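Structure record follows, encoded as structure tokens.
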Ligand SMILES: [K+]
Ligand SMILES: [K+]
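Chains as they are written, first to last, in our numbering: chain U, 2 to 447; chain D, 2 to 447.
Okay, here's the thing in structure tokens:
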């Protein structure tokens, strides 16, 4: 019996193994959040809200149906924090951590799964990378917490200052977006110190471990891998587009920038310009932003962070590959080329597939929510993309969602975290047995 | 001097030649629409509205800033109708028509341009196809007009009935969406006869001449070209999605289906489900539809009709190729395969490029319009996609657009008609001289 179950587990594909792993973590989290000691009112969360919150934390999304700061007890908050950290490490890296702690040998099969999890190319050095991930994560989070503590200790009691520093450092580096203030970071709107620490944490978390390792080893841009170059280039461009876009689109909005001094506008535009990818904190109420800003944020959320990172979305490289392929075609090249390297057909097709599947999920989910909910279209569209890209920003409608809406957003958060392609492949995996190559035939385009 | 100009024209690439040709037609149309005899008030249109209307007609879009029925004189309406017919034939087919009428020989160079215009693969049979296009267009339009006349003669004087029949048959087959009723076809909401004639005309027009010719010659599905099969398959699926989607999304809307009998709902769902691709007529006020229907229509408009047709949008084959490539990858194939045929890398890249360029244009235009206009986001988004895909449906904001808005929508209609890829290639064409093939390097996706 037990052997049977074990051999069933062993025969699972990596994609299915990861999907089931995340489901288990979320199940445990949901159970814990229904306990009476989880909420201040001593009742625990109902099953739908517990599932929503556990999924939001594990998927490092940050959408909330109950206020983390005032509705959950410290126990409840710590459950959320642990789920965030598990989600941030990635399920397999967490397992590796336990294995390393227990001194156990890591099997070849487990290495394959870890490789899938970290989205890395070769098995050699995967264990090294997993150790590196854990050391790096804890190191950066500790540094972040220390720097935040220097600020928080001025206004909070020492123990609370430590707790708040640790919570927000982890939540920021993991791109989780959960906060212990009811209004996210709106109290710190003009505070350069806090703004820079938080944004640096989540931008680093969103670069992806492979890129940080590559940067640390190579130091010079030209010697970096093509992947690292593309990640850095797209990240910089998106930061510039986001920040300058918000600055322009909010400049005449009396509810937001109209109330801020010029120097506060700079840091606010920067913060709101980088948080959509896919941190989820905010220093300005999202519901007060102009329609233009909301649409820009929707696009930035959809693109998201970099692969193998704590962030979500389509990923910077996906959109980068699509634009490189488009540009190459327009200037008359047959292949997609970047920095004197050629992108393979399968790379471009993969980028395409992730984008198409994601668009289909978002369109279908948005359509259903327009029926079940009675909010404005842009609010529903914003919420859907935020959930799918595991961002956590909201115009303020999350708490007002119907039960069907809550369940649907939960499913979207999970789908967005496990990755549309991983999910699609988990559902459709089969042997590559088609040795027949059909003759080519043309199709009219455009 | 003259020789110099002529040789300059001869050295133009097909894409540039077509772009300039459309600009010339629109310029003449704009001039005519500013004449006093164009409008009922005897003042003629102002330059912005004349440019808007001429572009809308030539691009067979159908968005209107002045009411065609009551604001324009019969002369003005006929200017619009001629522009629609020129747009419908396509600029080069129109030139071919004149050449044939004048008995002139058609040069090899002109055949290349015609090929580009009709989006056809080989030079052989292009002239045959052009003649076919003209005969087919006039034949179908005549039949449509005759059938409409049988209905219109019951309520209108004979001469007016003839005029209305011809105008709406041409406008429908050319997917133009201009009507001589101020409320489009809302008077005919439950009229199966008129609904079926109009929809059949614009669906035929939206299939593309090549497909109609293929169907006429081969008759059986299995013997059709891969292109024709994909066009028919996607068209049928999109008709089913559109009609059933509208039926469901409007079923509890008191402003629309709430006022209709069940049998009227069927035909209304069908009409509103097929008109987004990209006819532009409506039998229900678009502004009264639910947000869900508007979003569904936005998606359908964006996809649009089939290549080489009178319709606009991304094209059914473009989206078909992207979905085939995605599906092939998900089930574990290296190549995109359909009906036992392989799609070449360049076909998939082209489909990708058209989609990416189109998305960029629509996102940028929508962002600008959210600043310059003060309508709801979904209304602005709807209007932008409608203009780009040359659909002509509107929630009712066209007449309320600012001057900047009108000019921007004009530019979008033109861009949408000339085709984003044609435009991009016209701007970026160069010799394919890169014989160096760079080494391949991997990129992380998703
Ligand atoms: K997040
Ligand atoms: K149209």
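The beta carbon of each residue, even a glycine, is placed where N, CA and C say it ideally should be. It should be emphasised that the depicted structure is a prediction, and the values quoted were computed from it without experimental measurement.
- Contact annotation for residue 335/D against chain U: 347 [CB-CB distance below 7 Å, chain order].
- The alpha carbon of residue 192/D has as its nearest neighbour, out of 265/D, 62/D, 411/D, 273/D, the alpha carbon of 265/D.
- Less than 8 Å divides the Cβ of residue 60/D from the Cβ of residue 88/D.
- Here the distance from the Cβ of residue 54/U to the nearest heavy atom of ligand 1 is not below 7 Å.
- For the set 48/U, 36/U, 243/U, the Cα lying nearest the Cα of residue 76/U is the one of 36/U.
- Burial of residue 176/U is indicated by the presence of at least 16 other C-beta atoms within 10 angstroms of its C-beta.
- For residue 293/U, the neighbours in chain D by C-beta distance under 7 Å run, in chain order, 368, 371, 372.
- Taking 8 Å as the threshold, the shortest C-beta distance from residue 326/U to chain D falls below it.
- According to DSSP, residue pairing for residue 338/U in a beta bridge involves 343/U.
- For residue 91/U, there is no enclosing alpha helix (DSSP H), as DSSP marks it with neither H nor E.
- Secondary structure of residue 59/D (DSSP, three-state): helix.
- At least one heavy atom of ligand 2 falls within 7 Å of the beta-carbon of residue 281/D.
- Scanning chain U for C-beta atoms nearer than 9 Å to the C-beta of residue 364/D yields 296, 297, 300, reported in chain order.
- Using beta-carbon distances, residue 354/D counts as an interface residue toward chain U, with a partner under 8 Å.
- In the three-state reduction of the DSSP assignment, residue 73/U falls in the strand class, which pools E and B.
- Not one heavy atom of ligand 1 falls within 7 Å of the beta-carbon of residue 190/D.
- Neighbours of residue 357/U across chain D, judged by C-beta separation under 7 Å: 323, 324, 327.
- If you draw a 10 Å sphere on the C-beta of residue 325/D, you find 16 or more other C-beta atoms in it, and that means buried.
- Listed along chain U is no residue with a C-beta nearer than 8 Å to that of residue 408/D; the closest approach is about 18 Å.
- A residue is called buried when at least 16 other Cβ atoms come within 10 angstroms of its Cβ; residue 376/D meets this threshold and is buried.
- Under the 8 Å Cβ criterion, the region 180–188 of chain D does not count as touching the region 205–224 of chain D, having fewer than three qualifying pairs.
- Residue-level contact by beta carbon holds for residue 350/U and chain D, with a gap shorter than 8 Å.
- With contact defined as three or more Cβ pairs closer than 8 Å, the region 223–238 of chain D and the region 326–338 of chain D are not in contact.
- A check of alpha carbon separations from residue 294/D across 275/D, 308/D, 309/D identifies 275/D as the nearest.
- Within the DSSP secondary-structure output, residue 40/U pairs in a beta bridge with 73/U.
- Counted as a single uninterrupted DSSP element, the alpha helix (DSSP H) harbouring residue 251/D occupies residues 227–251.
- By the 16-neighbour rule on beta-carbons within 10 angstroms, residue 238/U is exposed.
- Rounded to the nearest angstrom, the gap between the Cα atoms of residue 65/U and residue 108/U is 38 Å.
- Residue 149/D has its alpha-carbon roughly 5 Å from the corresponding atom of residue 166/D.
- Between residue 203/U and residue 173/U, the C-beta gap is smaller than 8 Å, which places the two residues in contact.
- In the three-state DSSP reduction, residue 409/U falls in the helix class (H, G or I).
- In the structure shown, the three-state DSSP call for residue 375/U is coil.
- Between residue 389/D and residue 349/D a beta carbon distance of about 22 Å is seen, past the 8 Å cut, so the two are scored as non-contacting.
- The DSSP-derived three-state label of residue 25/U is helix.
- Only exposed fits residue 156/U, as fewer than 16 other CB atoms lie within 10 angstroms of its CB.
- Using a CB distance cut-off of 8 Å, residue 32/D does not count as an interface residue toward chain U.
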